[in-house]
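K.L.:
Written out as structure tokens, the structure is:
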């Protein structure tokens with residue numbers, strides 16, 4: 023296995039030497055070509071993904087759309103070119119006591135990136151998902167460790183990418199696909215000297231293991247593990263008074279979407295003891311009862327869900343509000359539970375994510391207890407405020423608290439459904455992710471795979487086009503402190 | 023000790039809760055005030071620094087200037103405000119199948135930052151140096167572990183900062199100064215749960231130790247250790263033919279500046295065997311002989327220099343070209359050595375940095391051997407090409423190689439003298455630094471201490487000013503994909 027991994031990583035490194043120099047427009051052509059090749063796999067890809075994941079066919083129509091538009095969005099980003107954050111400080115030959123040299127910098131790619139795709143998004147966050155798209159856009163070759171939960175889907179997507187590599191005349195090491203189920207394989211790939219960075223999406227156990235493997239390296243590399251969270255939702259009084267039915271409907275859909283297998287699944291709902299909270303709880307139970315049960319992704323996830331559920335529901339401090347009791351192999355029962363904050367505070371095991379269609383309402387005595395519970399929860403991808411302007415005006419301190427907890431604060435929406443935009447943050451304080459300074463979704467996901475390089479007094483003809491005086495791509499650059507797309511007079 | 027550290031970090035965390043919300047203009051006032059307080063310490067500070075470091079008084083006139091202009095530059099940066107990289111993607115209410123929410127993001131501060139200052143820059147990279155200035159600018163409280171090599175200097179600067187804290191009416195936990203010589207202290211501070219990030223400047227041993235302490239944490243935090251390097255300089259044929267005298271003069275000054283105690287000190291010079299290389303070598307020896315010897319920073323550094331030197335010069339494959347033989351306590355002897363590439367390749371211990379006024383010329387048989395040696399060297403802060411345009415045109419592949427080795431490529435200059443600009447990169451592939459994606463010098467040093475936070479559908483009145491529709495600060499924002507300073511129509 024070690025010999026094979028050496029071969030793969032050396033092939034990726036060889037590809038890196040040429041791929042790092044490929045132009046933005048060529049990379050755009052490549053990313054668009056991957057999208058086209060995935061689309062030309064047709065319904066067979068969607069059927070395969072559906073079969074392997076037990077998620078409905080229709081879901082994959084949407085997920086393919088997201089995957090391909092994400093690839094094209096990264097293509098547009100690098101085709102336009104300003105993403106490299108070019109900065110130019112021209113020389114100051116008359117500066118005293120010494121002249122200042124000409125300093126120019128831009129982002130360059132890190133090297134071969136290892137991607138561990140997610141089981142819950144076989145298209146959008148797996149083989150050709152956000153990590154792969156952003157790394158390829160950055161100019162990094164990618165080695166995907168295919169997820170064993172959807173091997174055929176992964177192989178199909180992989181062959182589509184390889185076709186695009188061929189069509190664009192790129193080095194075959196730009197994209198490689200590795201299969202295997204052993205932890206050892208992931209460890210060896212992570213620890214290989216030529217691996218320059220790792221993207222992981224999955225469980226805390228898995229993400230932390232990859233992170234720890236990387237920590238044993240002599241040469242540290244960036245590891246971005248996105249590991250999900252409980253995504254606490256705060257339901258506030260005035261909102262409960264005026265909007266409980268809509269809130270319950272939206273929340274029930276969010277708890278059960280993708281059979282609860284979203285990293286942004288709202289697993290904990292916090293509210294202050296009141297009749298309106300009780301009413302909301304009943305409405306939420308009713309809404310959940312209207313939603314069908316579905317199969318989970320795989321046996322491991324299904325068993326973990328059932329056992330975590332059993333454990334929680336056997337806790338005498340936890341009240342079962344709704345339990346679907348779905349029957350059959352892999353079937354997941356949506357569950358709504360309720361617990362008093364006093365009990366919740368004393369039982370840290372209730373604070374962990376339960377991956378599946380489960381949510382627990384934590385009933386707090388008052389605002390100060392709610393703040394106590396909220397701040398006890400660890401780092402989160404998201405936290406949500408269900409609140410009217412009246413609620414928010416009276417509780418501005420709660421927005422301050424939300425800032426320090428999560429990567430994204432949602433107001434009067436649901437945390438599931440992560441938009442791919444320039445402003446997206448999908449990450450957050452640990453254990454939501456291993457480095458809160460980056461996002462794995464949205465355009466800035468590319469920043470994980472680059473480093474700045476500075477050229478001091480470099481002759482213009484040797485500079486990358488992004489830093490040349492003429493600015494042939496017309497990109498936005500920070501020149502002598504001012505942002506501009508202009509060419510520069512030397 | 024643990025109790026005391028708890029108190030310090032809790033105090034810093036308490037300060038964080040208010041300091042993270044302080045406006046850019048207030049932070050600017052604060053950073054300017056620190057600069058003023060340092061300046062008002064007058065010559066006493068410079069004499070103290072000179073006494074403690076054995077570096078000349080005049081050097082500290084310049085270093086104080088750098089320190090204060092760096093503080094003011096970060097003040098200007100946060101006063102202006104665009105550094106937060108505000109991104110706004112307005113809602114698309116008509117998007118199908120679902121409306122898109124309003125997404126806005128900006129950088130927010132991480133929390134209390136621990137700074138280990140450098141011994142070799144008692145002002146510019148120590149107590150109120152680049153790490154402290156950038157972290158305070160970011161909105162992070164700072165705990166400085168004072169460098170035991172200049173305790174009085176550190177105390178004086180520390181009291182200046184504390185005065186500025188008081189004058190600006192900030193929480194006293196915004197800046198704290200800790201003294202102690204034990205490794206245990208550094209370890210406990212690094213591993214404290216409330217420490218949100220670490221900046222270190224110093225040796226590979228020290229920087230790696232801090233990095234490893236951090237790896238034992240449950241919650242990972244960013245550790246930016248800048249650990250110096252050998253800064254390989256390539257001297258090319260046409261340049262040697264035409265400019266050897268100037269090159270030798272500049273290189274001798276660069277090797278000996280600050281008694282060779284710069285992290286960008288040119289420790290390895292690579293050239294191809296030739297009579298011009300021999301001539302350059304002689305000229306360099308002559309230039310070195312014209313430079314006086316000085317005392318080193320402290321006993322430990324002086325002993326390390328002497329013993330590393332002895333070891334290298336006893337190597338039979340290493341030829342001593344110039345050896346100053348300075349006498350007296352702490353005195354450093356500038357040394358120029360020469361070695362054939364065949365021998366250098368086989369002796370990896372010659373590849374390590376020798377901290378002091380030492381440089382070794384590696385004589386290569388031909389270009390391919392030069393490339394082999396160059397690529398064997400590990401990650402570097404800088405690499406320098408002494409080359410005419412004629413040299414460079416004929417050797418474009420060497421610029422490609424330089425890209426993958428260093429954080430900064432210098433053309434026809436010396437690596438010492440790191441400018442503080444927007445385009446500066448002081449960092450590089452490991453072991454130059456622990457995360458090549460960041461810089462510790464220049465304006466972007468601030469990026470180490472922030473993370474992005476996304477607000478989804480947040481009411482305008484609750485948004486930070488940087489993200490409000492009205493854009494009251496007039497900062498540059500990426501709005502719906504376009505950079506603009508305009509206010510936004512909701």
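Chains as they are written, first to last, in our numbering: chain A, 23 to 512; chain B, 23 to 512. Beta carbons are placed, not taken as given, at the ideal position from N, Cα and C, and that holds for glycine.
Could you compute how far the alpha carbon of residue 430 of chain B sits from the alpha carbon of residue 156 of chain A?
P.N.:
Position 408 of the second chain, counting from 1, holds the residue named residue 430 of chain B. Position 134 of the first chain, counting from 1, holds the residue named residue 156 of chain A. If you take the alpha carbons of residue 430 of chain B and residue 156 of chain A, they lie about 25 angstroms apart.
K.L.:
Check residue 507 of chain B in the structure and name its three-state DSSP category.
P.N.:
What you label residue 507 of chain B is simply residue 485 of the second chain in a count that begins at 1. In the structure shown, residue 507 of chain B sits in coil (DSSP, three-state: anything other than H, G, I, E or B).
K.L.:
In this structure, how does DSSP classify residue 405 of chain B when only helix, strand and coil are distinguished?
P.N.:
Reading the second chain from its first residue, position 383 is the one you call residue 405 of chain B. Looking at residue 405 of chain B - three-state DSSP - the assignment turns out to be strand.
K.L.:
Is there contact between the segment 154-170 of chain A and the segment 196-209 of chain A, where contact requires at least three CB pairs shorter than 8 angstroms?
P.N.:
A contact exists between the segment 154-170 of chain A and the segment 196-209 of chain A.
K.L.:
Tell me whether residue 221 of chain A, by its Cβ, gets closer than 7 angstroms to a heavy atom of the ligand NAP.
P.N.:
The model depicted lacks the ligand NAP and carries no ligand whatsoever.
K.L.:
Below 8 angstroms between beta carbons: does that hold for residue 244 of chain A and residue 219 of chain A?
P.N.:
As a position in the first chain, residue 244 of chain A is number 222, starting the count at 1. As a position in the first chain, residue 219 of chain A is number 197, starting the count at 1. Yes, they are a contact pair.
K.L.:
Please check if any C-beta of chain A sits within less than 8 angstroms of the C-beta of residue 498 of chain B.
P.N.:
Position 476 of the second chain, counted from the start, is the residue given in the question as residue 498 of chain B. Yes, its Cβ sits closer than 8 angstroms to a Cβ of chain A.
K.L.:
Should residue 388 of chain A be labelled buried (16 or more other beta-carbon atoms within 10 Å of its own) or exposed?
P.N.:
For the purposes of this step, residue 388 of chain A is taken as the residue at position 366 of the first chain. Its Cβ having fewer than 16 others within 10 Å, residue 388 of chain A is exposed.
K.L.:
Tell me which residue opens and which closes the beta strand (DSSP E) that residue 21 of chain B is part of.
P.N.:
Residue 21 of chain B lies beyond the stretch modelled for chain B, which goes from 23 to 512, so this question has no answer here.
K.L.:
Compare the beta carbon distance of residue 217 of chain B and residue 136 of chain B with 8 angstroms and say whether it is the shorter of the two.
P.N.:
For the purposes of this step, residue 217 of chain B is identified with residue 195 of the second chain, where counting begins at 1. For the purposes of this step, residue 136 of chain B is identified with residue 114 of the second chain, where counting begins at 1. Going by C-beta atoms, residue 217 of chain B is nearer than 8 angstroms to residue 136 of chain B.
K.L.:
Taking the alpha-carbon positions, what's the residue 359 of chain B to residue 81 of chain B distance?
P.N.:
As a working note, residue 359 of chain B is residue 337 in the second chain. As a working note, residue 81 of chain B is residue 59 in the second chain. If I take the Cα positions, the gap works out to 28 angstroms.
K.L.:
Out of curiosity, what's the CA-to-CA distance linking residue 405 of chain A and residue 289 of chain A?
P.N.:
Locating residue 405 of chain A in the first chain gives position 383, where the first residue counts as 1. Locating residue 289 of chain A in the first chain gives position 267, where the first residue counts as 1. For residue 405 of chain A and residue 289 of chain A, the distance between alpha carbons rounds to 11 angstroms.
K.L.:
How long is the line joining the alpha carbons of residue 456 of chain B and residue 242 of chain A, rounded to whole angstroms?
P.N.:
Counted from its first residue, the second chain places residue 456 of chain B at position 434. Counted from its first residue, the first chain places residue 242 of chain A at position 220. About 6 angstroms.
K.L.:
Using the beta-carbon of each residue, which ones in chain B are nearer than 7 angstroms to residue 125 of chain A?
P.N.:
Here residue 125 of chain A refers to the residue found at position 103 of the first chain. Correct list: 441, 443, 445, 446.
K.L.:
If residue 46 of chain A sits next to residue 100 of chain A, beta carbons under 8 angstroms apart, how far is it from one beta carbon to the other, in whole angstroms?
P.N.:
Position 24 of the first chain holds residue 46 of chain A. Position 78 of the first chain holds residue 100 of chain A. Right, their Cβ atoms sit about 4 angstroms apart.
K.L.:
Within 10 angstroms of the Cβ of residue 172 of chain B, are there 16 or more other Cβ atoms? Answer buried if so, exposed if not.
P.N.:
Taking the second chain and counting its residues from 1, one reaches residue 172 of chain B at position 150. Counting Cβ neighbours within 10 Å, residue 172 of chain B comes out buried, since at least 16 surround it.
K.L.:
Are residue 274 of chain A and residue 310 of chain A close, meaning C-beta to C-beta below 8 angstroms?
P.N.:
Locating residue 274 of chain A in the first chain gives position 252, where the first residue counts as 1. Locating residue 310 of chain A in the first chain gives position 288, where the first residue counts as 1. Yes, they are a contact pair.
K.L.:
Can you give me the C-alpha to C-alpha distance between residue 106 of chain A and residue 394 of chain B, rounded to a whole angstrom?
P.N.:
Numbered from its first residue, the first chain carries residue 106 of chain A at position 84. Numbered from its first residue, the second chain carries residue 394 of chain B at position 372. Between residue 106 of chain A and residue 394 of chain B, the C-alpha separation is close to 30 angstroms.
K.L.:
Does the beta-carbon of residue 91 of chain B have 16 or more other beta-carbons within 10 angstroms, so that it is buried, or is it exposed?
P.N.:
Translated into positions along the second chain, residue 91 of chain B becomes position 69. Its Cβ having fewer than 16 others within 10 Å, residue 91 of chain B is exposed.
K.L.:
Give the residues from the segment 385-417 of chain B that approach chain A closer than 7 angstroms (Cβ to any Cβ), ordered along the chain.
P.N.:
Result list: 411, 414.
K.L.:
Between the alpha carbons of residue 445 of chain B and residue 109 of chain A, how many angstroms are there, rounded?
P.N.:
To locate residue 445 of chain B, count along the second chain from 1; it is residue 423. To locate residue 109 of chain A, count along the first chain from 1; it is residue 87. Distance between the alpha carbons of residue 445 of chain B and residue 109 of chain A is about 5 angstroms.
K.L.:
Work out the CA separation of residue 231 of chain A and residue 3 of chain A for me, nearest whole Å.
P.N.:
Nothing about residue 3 of chain A can be read from this structure; chain A reaches only from 23 to 512.
K.L.:
Hey, would you say residue 467 of chain B sits closer than 8 angstroms to residue 64 of chain B, going by beta carbons?
P.N.:
Taking the first residue of the second chain as position 1, residue 467 of chain B is located at position 445. Taking the first residue of the second chain as position 1, residue 64 of chain B is located at position 42. Their beta carbons are not under 8 angstroms apart, which means residue 467 of chain B does not touch residue 64 of chain B by this criterion.
K.L.:
What runs of the alpha helix (DSSP H), each 4 residues or longer, lie entirely inside the segment 77-121 of chain B?
P.N.:
Counting only runs of 4 or more, we get 79-102.
K.L.:
Roughly how many angstroms lie between the CA atoms of residue 236 of chain B and residue 213 of chain B, to the nearest whole one?
P.N.:
Your numbering for residue 236 of chain B matches position 214 in the second chain. Your numbering for residue 213 of chain B matches position 191 in the second chain. One C-alpha to the other measures close to 6 angstroms.
K.L.:
Just to check my reading of the structure: residue 292 of chain B and residue 256 of chain B have Cβ atoms closer than 8 angstroms, yes? What is that Cβ distance to the nearest angstrom?
P.N.:
The residue given as residue 292 of chain B occupies position 270 in the second chain. The residue given as residue 256 of chain B occupies position 234 in the second chain. The pair is a contact, with the Cβ atoms about 5 angstroms apart (cut-off 8 angstroms).
K.L.:
Closer than 6 angstroms by C-beta to residue 316 of chain B: which residues in its own chain qualify, once you throw out the five before and the five after it? Chain order, please.
P.N.:
For this step, residue 316 of chain B is matched to residue 294 along the second chain. Closer than 6 angstroms at Cβ, skipping near neighbours: 281.
K.L.:
From this set, B:478, B:261, B:262, which residue's C-alpha is nearest residue 403 of chain A's C-alpha?
P.N.:
Residue 403 of chain A sits at position 381 when you count from the first residue of the first chain. Checked all of B:478, B:261, B:262; the closest Cα to residue 403 of chain A is B:478.
K.L.:
What does residue 431 of chain B touch in chain A if you count any residue whose Cβ is under 8 angstroms from its own?
P.N.:
Against the second chain, residue 431 of chain B aligns to sequence position 409. By Cβ distance, chain A contributes 475, 476, 477, 478, 480.
K.L.:
Could you pull out every residue in the same chain whose Cβ sits closer than 7 angstroms to the Cβ of residue 412 of chain B, ignoring the five residues on either side in sequence?
P.N.:
One-based indexing of the second chain puts residue 412 of chain B at position 390. Only 260 meet the Cβ criterion.
K.L.:
What in chain B is Cβ-close to residue 472 of chain A, meaning under 9 angstroms?
P.N.:
The residue labelled residue 472 of chain A in the question sits at position 450 within the first chain. Result: 459.
K.L.:
Chain B beta carbons: is any one of them nearer than 8 angstroms to that of residue 111 of chain A?
P.N.:
Counting from one through the first chain, the residue named residue 111 of chain A turns up at place 89. Interface residue, yes.
K.L.:
Against chain B, with Cβ distances strictly below 8 angstroms, would residue 468 of chain A count as a contact?
P.N.:
The sequence position of residue 468 of chain A within the first chain is 446, counting from 1. False, the Cβ-Cβ gap to chain B never drops below 8 angstroms.
K.L.:
Between the beta-carbon of residue 356 of chain B and the beta-carbon of residue 277 of chain B, is there less than 8 angstroms?
P.N.:
Mapped onto the second chain, residue 356 of chain B falls at position 334. Mapped onto the second chain, residue 277 of chain B falls at position 255. Taking 8 angstroms as the Cβ cut-off, residue 356 of chain B and residue 277 of chain B qualify as a contacting pair.
K.L.:
Thinking C-alpha only, which one of B:247, B:399, B:69, B:54 is nearest residue 147 of chain B?
P.N.:
In the second chain, counting from the first residue as 1, residue 147 of chain B sits at position 125. Out of B:247, B:399, B:69, B:54, B:247 has the C-alpha closest to the C-alpha of residue 147 of chain B.
K.L.:
If we ignore side chains and look at the alpha-carbon of each, how far apart do residue 298 of chain B and residue 192 of chain A end up?
P.N.:
For the purposes of this step, residue 298 of chain B is identified with residue 276 of the second chain, where counting begins at 1. For the purposes of this step, residue 192 of chain A is identified with residue 170 of the first chain, where counting begins at 1. Residue 298 of chain B and residue 192 of chain A: Cα-Cα distance of roughly 42 angstroms.
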